[in-house]
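Participant: The sequence shown begins at 0 in numbering that gives the first Met the number 0 and counts up one residue at a time.
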Amino acid sequence: MTRMTPLLERNEQFARTYTPVALGPPTAQVLIVTCLDHRVDPAIIFGLRLGEAVVIRNAGGRVTQAVIDDIAYLAYLAGQLFGEQVFADSLFEVAVVHHTQCGTGFLADPSFRHQAAEATGLAEAALEASAVADPHITVKTDVERLLTSPLLSPKVSVSGHVYDIATGRVTTTLDARHP
Ligand SMILES: [Zn+2]
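#1: Given this structure, state the Cα-to-Cα distance separating residue 18 from residue 36, to the nearest angstrom.
#2: Would you mind listing the beta strand (DSSP E) stretches within the segment 10 to 84 that are 3+ residues and don't spill past its ends, in chain order?
#3: At which residues does the beta strand (DSSP E) containing residue 184 begin and terminate?
#4: Just to confirm, does residue 36 get its C-beta within under 7 Å of one of the non-hydrogen atoms of ligand 1?
#5: How about residue 94 and residue 152: are their beta carbons less than 8 Å apart?
#6: Would you be able to state if there are at least three C-beta pairs under 8 Å between the segment 58 to 77 and the segment 0 to 11?
#7: Hey, would you say the C-beta of residue 59 is under 7 Å away from at least one heavy atom of ligand 1?
#8: Check residue 158 in the structure and name its three-state DSSP category.
#9: Is residue 23 near ligand 1, with its Cβ less than 7 Å from a heavy atom?
#10: Need the endpoints of the beta strand (DSSP E) that residue 131 sits in, please.
#11: Taking the beta carbon of residue 112 as the centre, do at least 16 other beta carbons fall within 10 Å, making it buried, or is it exposed?
#12: With distances taken Cα to Cα, identify the nearest neighbour of residue 177 among 156, 167, 164 and 171.
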């Protein structure tokens, strides 16, 4: 008996009616970058089904170098596997989704950040870079960061959105555009 036991029971239910999804491009042609917060589950918020969208999650949903690297690789892979026959000039849209009440917001406070760095051994600069105090501001920063990265495929577009924890509503801050 572990804490996973009830979840594994749910998986058993899931597997009973499961139909495997063939390897292919995400059918919604969307890649979502968002926070790891358990209240911000893209599958539930956007009603995603299996095979529809790639999801990358980290603290804050920030566009870090690791996220940029993953997107660059996925764009290459999608081009190699499904490229010309499926997509003329657009592989997928990267939707950066930041949210209100983000736990990383505390890191905008210098003394909290300093304490967190001391206690965890993490670099203060890295903690500062992950802070989402105002999601409307950080989502714009991160969309720009991705669009100006030399690693971003010109076949990938990027958009920015904010999820409001209080209402469950997602609003678009920046419409999709190519680098
Ligand atoms: Zn968050």
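We put the CB at the ideal spot given by N, CA and C, even for glycine.
Facilitator: Taking the geometry as given:
#1: Roughly 28 Å separates the two Cα atoms.
#2: 29 to 34 and 52 to 57
#3: Outside the shown range of the chain, which is 0 to 178, sits residue 184, and nothing can be said about it.
#4: Checking every heavy atom of ligand 1 against the Cβ of residue 36, one is found closer than 7 Å.
#5: No.
#6: In the pairwise beta carbon analysis, the segment 0 to 11 is classified as not touching the segment 58 to 77: fewer than three pairs are separated by under 8 Å.
#7: yes
#8: When secondary structure is reduced to three states using DSSP, residue 158 falls in the strand class.
#9: no
#10: Careful: residue 131 lies outside any beta strand (DSSP E) and carries neither H nor E.
#11: Label assigned to residue 112: buried.
#12: It is 156.
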